[in-house]
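Report on one structure; see the data block that follows.
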Amino acid sequence: MALSSTPRLTRVAAACALALPLLAGAETAPYTLTTNVALVSEYVFRGMTYSQGRAAVQGGADFAHQSGLYLGVWASSVSSEPLGGAVSEVDYYGGYTASAGDFTYDVGLLQFTFPRGKLTNNVSLNTLEAYGSITWKMLNLKYSRTIGDYFGVNEKSGYRADSKGSDYIEANINYEFLPGWTANLHAGRQSVKGSSEYNFSDYKVGVSRDLGAGWLASLAWIDTTGDTVLYTYPSGVNVAAAKWVASIKRTF
Numbered sequence: 235m236a237l238s239s240t241p242r243l244t245r246v247a248a249a250c251a252l253a254l255p256l257l258a259g260a261e262t263a264p265y266t267l268t269t270n271v272a273l274v275s276e277y278v279f280r281g282m283t284y285s286q287g288r289a290a291v292q293g294g295a296d297f298a299h300q301s302g303l304y305l306g307v308w309a310s311s312v313s314s315e316p317l318g319g320a321v322s323e324v325d326y327y328g329g330y331t332a333s334a335g336d337f338t339y340d341v342g343l344l345q346f347t348f349p350r351g352k353l354t355n356n357v358s359l360n361t362l363e364a365y366g367s368i369t370w371k372m373l374n375l376k377y378s379r380t381i382g383d384y385f386g387v388n389e390k391s392g393y394r395a396d397s398k399g400s401d402y403i404e405a406n407i408n409y410e411f412l413p414g415w416t417a418n419l420h421a422g423r424q425s426v427k428g429s430s431e432y433n434f435s436d437y438k439v440g441v442s443r444d445l446g447a448g449w450l451a452s453l454a455w456i457d458t459t460g461d462t463v464l465y466t467y468p469s470g471v472n473v474a475a476a477k478w479v480a481s482i483k484r485t486f
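Residue numbers (our numbering): 235 to 486.
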């Protein structure tokens, strides 16, 4: 998971554009490797806060081959309450991307893992999703679908039904309105199979500033339609509530 719902494709594009060749002296390396680290005022995934209003440290690495194949890993600190006692989130992903004219296609798999994160009856939060996206100029459309249950939602963990096949559809617009300044717009819809009361939409309006030398700063307002009762935890924090999120990121 990453700040808001910007597609993983963004990191792959960065890997291709910013990375230094791994083979010293090579004119054109067949692959690139980039790393990144970020500090965010709050970790938000699909509109929901996973750090409950607290700052989070995040980082990752991306490996991209000139064939279009890529692999990556990304991690974030989290708040344990909304994630069953998890001490962090670590995600692994891989896929294939290609371009045709102004269109870029991307398909892959994303494995979410939450070390020590368990729901009722020791049910794991770990979730595997398949995704596909298409980008045309500043517009991106993406569809994600769980291979198994959606973050531990099943009968064993106390929900009405298993949630295999839950999906998320999103639209993203990233428009550079001034040199180095980009408007970031997002809308998404999460559907939870078998437990539709947990369905929600999320929205983001933000701006990012390229500071040069791999630095990127951003600020966004994020909100969801998540049910207040269902998404408020014993601590009193409503993880679905509207929030402002600021971040500073460095890509190497």
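Using N, Cα and C, we set each Cβ at its ideal position, and we do this for glycine too.
Treat the numbers as computed from the prediction; the structure is a model and nothing was measured.
Terminal residues of the beta strand (DSSP E) in which residue i lies
{"i": "Y365", "result": "361-370"}
{"i": "R443", "result": "434-446"}
{"i": "A480", "result": "477-485"}
{"i": "F346", "result": "337-347"}
{"i": "T268", "result": "265-274"}
{"i": "V291", "result": "290-299"}
{"i": "Y304", "result": "303-310"}
{"i": "S314", "result": "Element bounds for S314: n/a, residue is neither H nor E."}
{"i": "Y465", "result": "Y465 -> no beta strand (DSSP E), and no H or E assigned at all."}
{"i": "G281", "result": "Premise fails: G281 is in no beta strand (DSSP E) and is neither H nor E."}
{"i": "V324", "result": "323-334"}
{"i": "L453", "result": "449-458"}
Beta-carbon proximity check, residue i vs residue j, cutoff 8 Å
{"i": "A272", "j": "S429", "result": "no"}
{"i": "R443", "j": "N270", "result": "no"}
{"i": "Y432", "j": "D401", "result": "no"}
{"i": "P316", "j": "V463", "result": "no"}
{"i": "S285", "j": "S314", "result": "no"}
{"i": "T347", "j": "D325", "result": "yes"}
{"i": "T380", "j": "L359", "result": "no"}
{"i": "G318", "j": "L353", "result": "yes"}
{"i": "Y327", "j": "L303", "result": "no"}
{"i": "A320", "j": "G351", "result": "yes"}
{"i": "G386", "j": "V357", "result": "yes"}
{"i": "A289", "j": "V307", "result": "no"}
{"i": "I407", "j": "L419", "result": "yes"}
C-alpha gap between residue i and residue j, whole angstroms
{"i": "S311", "j": "V291", "result": "6 Å"}
{"i": "V441", "j": "L453", "result": "6 Å"}
{"i": "L267", "j": "Y409", "result": "26 Å"}
{"i": "A421", "j": "L450", "result": "22 Å"}
{"i": "P468", "j": "A417", "result": "36 Å"}
{"i": "S425", "j": "V471", "result": "22 Å"}
{"i": "L375", "j": "Y365", "result": "11 Å"}
{"i": "N355", "j": "S391", "result": "6 Å"}
{"i": "P349", "j": "G293", "result": "16 Å"}
{"i": "S435", "j": "T283", "result": "14 Å"}
{"i": "L305", "j": "D457", "result": "31 Å"}
{"i": "K427", "j": "Y437", "result": "21 Å"}
{"i": "N388", "j": "E323", "result": "21 Å"}
{"i": "T466", "j": "A263", "result": "49 Å"}
{"i": "F411", "j": "R394", "result": "47 Å"}
{"i": "L204", "j": "G414", "result": "The question about residue 204 has no answer, for the chain in this structure spans 235 to 486."}
{"i": "R423", "j": "V278", "result": "15 Å"}
{"i": "F486", "j": "A295", "result": "9 Å"}
{"i": "L256", "j": "A405", "result": "In this prediction, L256 has a pLDDT of 43, which is less than 50 and means its spatial position is unreliable; what the coordinates show is noted afterwards. Near 34 Å, if we compare the C-alpha coordinates of A405 and L256."}
{"i": "T459", "j": "G448", "result": "35 Å"}
{"i": "V439", "j": "W455", "result": "5 Å"}
{"i": "Q345", "j": "K398", "result": "14 Å"}
{"i": "R280", "j": "A309", "result": "16 Å"}
{"i": "D396", "j": "D461", "result": "20 Å"}
{"i": "A332", "j": "E276", "result": "33 Å"}
Q. Would you call the stretch 366-385 and the stretch 325-339 touching, i.e. three or more CB-CB distances under 8 Å?
A. Here the stretch 366-385 lies against the stretch 325-339, with 3 or more beta-carbon pairs under 8 Å apart.
Q) Do the stretch 463-478 and the stretch 294-311 make contact, defined as three or more Cβ pairs closer than 8 Å? A) no
Q. Which parts of the stretch 381-435 are runs of the beta strand (DSSP E), unbroken and 3 residues or longer, counting only runs that do not cross its ends?
A. 401-412, 415-425
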